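Undergrad:
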Amino acid sequence: MTDNQNAALFFVDRHVAEGRGDKPAFREAAGQKRTVTYRQLAQRSDLVAGAFARAEIRPEERVACIVLDQIEYPEIFWGALKAHVVPIALNTLLATPVYDFILKDSRATCLIVSHELLDVVLPAAHQSPYLRKIVVIGGTLPEGTISYEDFMAGAQPRPAAQVSEDECAFWLYSSGSTGQPKGVRHVHGALRATSDTYGAQVLGIREEDTVFSVAKIFFAYGLGNAMTFPMSVGATTVLFNGRPTPDVAVDIIARERPTIFFGVPTLYAATVAHLEQNGVPDAGMRLCISAGEALPTEIGNKWRALWGVDILDGVGSTEMLHIFLSNAPGDVVYGTSGRPVPGYDLRCVDETGEDIKPGGVGELLVRGASAAEGYWNKRSKSRATFEGEWTRTGDKYEITEDGRYVYCGRTDDMFKVSGIWLSPFEVEQALIEHPGVLEAAVVPQRDKDDLEKPKAFVVLKNGADRDQVLSELKDFVKERVGLWKYPRWIEVVEDLPKTATGKIQRFKLRKTEEA
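Sequential numbering from 74 applies to the sequence shown in my numbering.
#1: Counting only the same chain and skipping the five closest in sequence on each side, list residues whose C-beta sits under 7 Å from that of ALA597.
#2: Can you give the Cα-Cα distance for VAL406 and ILE139, rounded to whole angstroms?
#3: Only counting the same chain, and skipping five residues up and downstream in sequence, which positions put a Cβ closer than 7 Å to that of ASP486?
#4: Could you say which of HIS395, PRO413, GLY104 and LEU360 lies nearest to TRP380 if we only look at CA atoms?
#5: Over the uninterrupted alpha helix (DSSP H) stretch that includes PHE150, give me the two end residues.
#6: Just verifying my parser: in three-state terms, what is the DSSP assignment at PRO497?
#7: In the structure shown, what three-state DSSP assignment does VAL382 receive?
#8: Is DSSP giving LEU438 helix, strand or coil here?
#9: Rank ALA137, ASN314, ARG420 and ARG112 by C-alpha distance to the C-alpha of LYS469 and give the top, closest one.
#10: So is ARG107 buried or exposed if we call it buried at 16+ other beta carbons inside 10 Å?
#11: Under the assumption that ILE384 contacts LEU398 (Cβ atoms under 8 Å), give the Cβ distance between them as a whole number of angstroms.
#12: Can you tell me which residues form a DSSP beta bridge with ARG265?
#13: Taking just the CA atoms, how far does THR182 sit from VAL422?
#14: Look up TRP463 in the DSSP assignment and say whether it is helix, strand or coil.
#15: Does DSSP put ILE505 in a helix, in a strand, or in coil?
#16: If you run the structure through DSSP and keep just helix, strand and coil, what is ARG452?
#17: Three-state secondary structure (DSSP) at LYS255?
#18: Rounded to whole angstroms, how far is the Cβ of VAL500 from the Cβ of VAL531, which I believe are closer than 8 Å?
#19: Once DSSP output is grouped into helix, strand and coil, what is the label at VAL236?
#20: Over the uninterrupted beta strand (DSSP E) stretch that includes SER187, give me the two end residues.
#21: Using the Cβ count rule (16 or more neighbours within 10 Å means buried), how would you classify SER410?
#22: Out of ALA356, ALA342 and VAL337, which one is the CA nearest neighbour of ILE326?
#23: If we ignore side chains and look at the alpha-carbon of each, how far apart do ASN77 and VAL159 end up?
#24: Among ILE207, PRO570, GLU552 and ASP192, which has the Cα closest to the Cα of GLU222?
#25: Give the C-beta separation of THR672 and LEU437 to the nearest angstrom, bearing in mind that I take them to be a contact with Cβ-Cβ under 8 Å.
#26: For the 8 Å Cβ check, are there 3 or more pairs between the segment 307-324 and the segment 275-295?
#27: Does DSSP put SER250 in a helix, in a strand, or in coil?
#28: For the structure I just gave you, are there three or more beta carbon pairs, one from the segment 103-117 and one from the segment 183-190, closer than 8 Å?
#29: Helix, strand or coil for GLY476 per DSSP?
#30: What does a CB cutoff of less than 7 Å around PRO215 pick up in its chain, not counting 5 residues either side in sequence?
#31: Could you compute how far the alpha carbon of ASP548 sits from the alpha carbon of ALA529?
#32: Taking the alpha-carbon of SER201 as reference, which of GLY211, THR213, THR169 and PHE224 has the nearest alpha-carbon?
#33: Count the other CB atoms within 10 Å of the CB of ILE217; is the residue buried (16 or more) or exposed (fewer)?
#34: Could you check whether the Cβ of GLU501 sits closer than 7 Å to any heavy atom belonging to the ligand NAP?
#35: Leaving aside the five residues before and after ALA128 along the sequence, list all residues of the same chain whose C-beta is less than 6 Å from its C-beta, in chain order.
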């Protein structure tokens, strides 16, 4: 091996060699509002690598990272890659039993956790037979733990370990939108693959950009937004460690003035409602991005009217690491997921595996260099998802005559009404076009004849007249998507069950109907 393909060399150390050492890499939007430059990040990640070695965390062992979006996160992530230990970026919003499952499933030997999360995480950590070191960032130290400062104190800096681009770099755990989370293993080369494709050829991200992502780093989407893409060009990322409610997100956009903003449809919808009531501040955004769930047309149009900038709706997955299908600057059609990102090949196939014709509906398959190498300890699931070079997404899509892709729903969310496939998302889009509806989810329910028909769960906007909305919705949907697609039952709820990444968990609503 002659050429070291450790991803940390490209994303961190290269910037010092190329004269960007004093450029801010990350700055915090809350708390101490700390800033770290590319030079400081290179030095600190070298020390993290040394700290792992001193703690006898060996190459290829796993390190569970349950860390808020704060300055320490990038130095831990890249320091782990330099040490050739495997960081697992974990959702910070999970319950104790889920952490218990993941810590045991991954066999992580080291845990690094933000002190704010200790009450939920520690009970699970104490049940793990594999953990040898628990490192706490900030706060008071519980018994059996070590502070992040002490973990780093006295460590000798270590340069990036020699690895090939095909060696495992990090894990993510799938969001669990349909059940127990799965460990997804990614290689060093996958990080560069996403920045060379979506980052360079769709975003066109530049060194002078400032990025703010409400999707957190633990999410594959957020990892690319906040680290991979800006660090590929030496841009600056704004980190926020709290919950990004609409008022908070708008305040950060106004204060920090990011040029690229990454959101999810749930937040875009809530923020549009907030802005319509409170007004739009001055901001310098040139691009807004959405992923995680298909963006409703109504939200895209309203956002553009309010801010004067389009939302580029895209599709990615934990298995593919980031977006592989997207609208692009100057080529936005709301209600579609756009076209394949350069560098990725896409197919839509029917139940027999044959490619569908335009106008038909099929499961989306994708091929590209950022694909995961498989699931951890899930051989049958790996074989079903990763078919040679192709990855099954589990999403149903229609391809239009002009080559755009229209989202129809998850494979296991679609159902037939009167013998015809129904897309829950299509009905949901029609529902939220009503001025009184903020969010909607549609699932099948059996009628008195034991036939499946659509049922809708809706979240109303503040101030909406419940009785009036309910009296209007069925006819409202009929006029937009067809007589047979309208929801036969409509239930008003306070909120919809979602993953931490904003995906609606329709399977939980289906279970409610079955109970």
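Note that CB positions come from ideal geometry on N, CA and C, so glycine has one too. It should be emphasised that the depicted structure is a prediction, and the values quoted were computed from it without experimental measurement.
TA: Answer, in terms of the structure:
#1: In this structure the chain extends from 74 to 588, so residue 597 is not present and cannot be described.
#2: 37 Å
#3: Cβ within range, chain order: PRO497 and ARG579.
#4: LEU360
#5: Its alpha helix (DSSP H) spans residues 145-156.
#6: It is helical.
#7: coil
#8: In this structure, DSSP gives LEU438 an extended state, which the three-state scheme calls strand.
#9: ARG420
#10: exposed
#11: Their Cβ separation, rounded to whole angstroms, is 15 Å, which puts ILE384 and LEU398 out of contact at 8 Å.
#12: In DSSP, ARG265 forms no bridge with anything.
#13: 42 Å
#14: Note: TRP463 maps to strand in three-state DSSP.
#15: helix
#16: helix
#17: coil
#18: About 11 Å separates the two Cβ atoms, so there is no contact after all.
#19: coil
#20: 183-187
#21: buried
#22: Here the closest residue by C-alpha is ALA356.
#23: ASN77 and VAL159 have their C-alpha atoms roughly 17 Å apart.
#24: ILE207
#25: Here the chain has residues from 74 to 588 only, and residue 672 is not among them.
#26: yes
#27: Unreliable placement is indicated for SER250, whose pLDDT of 48 sits below 50; the coordinate value is still reported in the next sentence. Here SER250 sits in coil by DSSP.
#28: Proximity of the segment 103-117 to the segment 183-190 falls short of the contact definition, fewer than three beta-carbon pairs being nearer than 8 Å.
#29: coil
#30: The answer, listed in chain order, is LEU191 and LEU195.
#31: Going from the Cα of ASP548 to the Cα of ALA529 covers about 14 Å.
#32: THR169
#33: The sequence shown places Gly at residue 217, not Ile. Exposed, by the Cβ-count rule.
#34: With respect to small molecules bound, the structure shown includes none, and the ligand NAP cannot be examined in it.
#35: Closer than 6 Å at the Cβ level, and outside the excluded window around ALA128, lie LYS206.
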